[in-house]
Each structure stands twice: as C-alpha cells, then as structure tokens.
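Trainee: My questions will all concern the structure given below.
Numbering (the working numbering), first residue to last: 1 to 141.
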C-alpha cells in the first residue's frame with residue numbers, strides 16, 4: 001500500500017455565462033494566479049490556482065448553523081466556495097466594488113474567524129474567511 005494520496009488535486013469547475021467577467025473577477029480582483037489557459041474554436045478555459053484545496057462536507061444542520069452565523073438566515077445552496085484571505089474586510093470591499101453582491105458583511109464566528117458572504121460571478125456563493133488566531137478548531141468555514 002502506497003503512502004501517496006489517491007487524489008492529487010481538487011478542481012472546482014465553474015461554467016460562467018459571462019466568462020470574461022468571471023475571469024476578471026477571480027483572477028484580477030480576487031487575485032487567483034493563472035496556471036494555464038486554453039482557447040480553441042470550441043471555447044475557452046482558464047485554470048486558476050487557489051492555494052491549498054480541501055473538500056468540506058457538512059450535514060444540513062451544520063450548513064444551517066454556518067449560514068445563521070455568517071448571514072443570519074439560510075441562503076446557501078448545496079455548494080458554497082470558501083476562500084481563506086488575509087483580510088476578509090478589505091477583500092469583501094474589493095470584490096463588492098468589482099460587482100459581487102455582499103450578502104453579509106464580515107462577522108466574527110464562534111470558530112474565531114472573520115467571515116463574509118457574497119454572491120459572485122459564475123453564480124457562486126462565496127465565503128471569505130480570515131483566521132483570527134492560530135488556536136482552536138476552525139474547520140467550519
């Protein structure tokens with residue numbers, strides 16, 4: 001049995017009706033690094049680096065709780081993307097200025113992070129989170 005993980009990368013694929021606007025938002029405004037881009041008569045795709053990837057699974061009760069903490073009510077569908085950033089307040093403002101709809105301003109959570117919620121290009125709901133200290137369990141982004 002190998003010690004190597006069976007999965008090497010998590011890639012979230014988003015089909016965006018306005019590809020140019022989504023690319024600008026995620027690459028140029030949020031600051032994800034472009035790894036590769038492909039153009040052909042069949043379409044375009046850009047692969048953006050988003051740091052370390054994890055898959056967070058939550059049961060419906062936990063998802064309700066996270067929404068209640070971050071937004072005050074249930075708003076997310078079954079998929080939400082969370083980005084850890086250095087300054088969720090400044091990043092929220094920057095993304096809002098670029099066209100994201102702020103659903104909830106940054107809020108301190110019980111797991112000691114500062115989380116905001118946005119509706120972003122590509123019909124994605126985003127959580128931006130900044131860890132406020134190095135201690136404690138902060139997995140519930």
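Idealized CB from N, CA, C, for every residue including glycine.
1. Can you confirm whether the region 118 to 134 touches the region 5 to 21 when touching is taken to mean that 3 or more C-beta pairs between the two stretches lie within less than 8 Å?
2. Helix, strand or coil: how does DSSP classify residue 133 here?
3. Closer than 6 Å by C-beta to residue 100: which residues in its own chain qualify, once you throw out the five before and the five after it? Chain order, please.
4. Can the beta-carbon of residue 70 be found closer than 8 Å to that of residue 112?
5. So is residue 67 buried or exposed if we call it buried at 16+ other beta carbons inside 10 Å?
6. Assign residue 23 to one of three DSSP states: helix, strand, or coil.
Mentor: The short version:
1. The way I'd put it, the region 5 to 21 does touch the region 118 to 134; three or more beta-carbon pairs between them come closer than 8 Å.
2. Reduced to three states, the DSSP call for residue 133 is coil.
3. The beta carbon of residue 100 sits closer than 6 Å to those of 118, 120, all from its chain and outside the five residues before and after it, given in chain order.
4. No. Outside cutoff.
5. A residue is called buried once 16 or more other Cβ atoms fall within 10 Å of its Cβ, and residue 67 is buried on that count.
6. If DSSP states are grouped into helix, strand and coil, residue 23 belongs with the helices.
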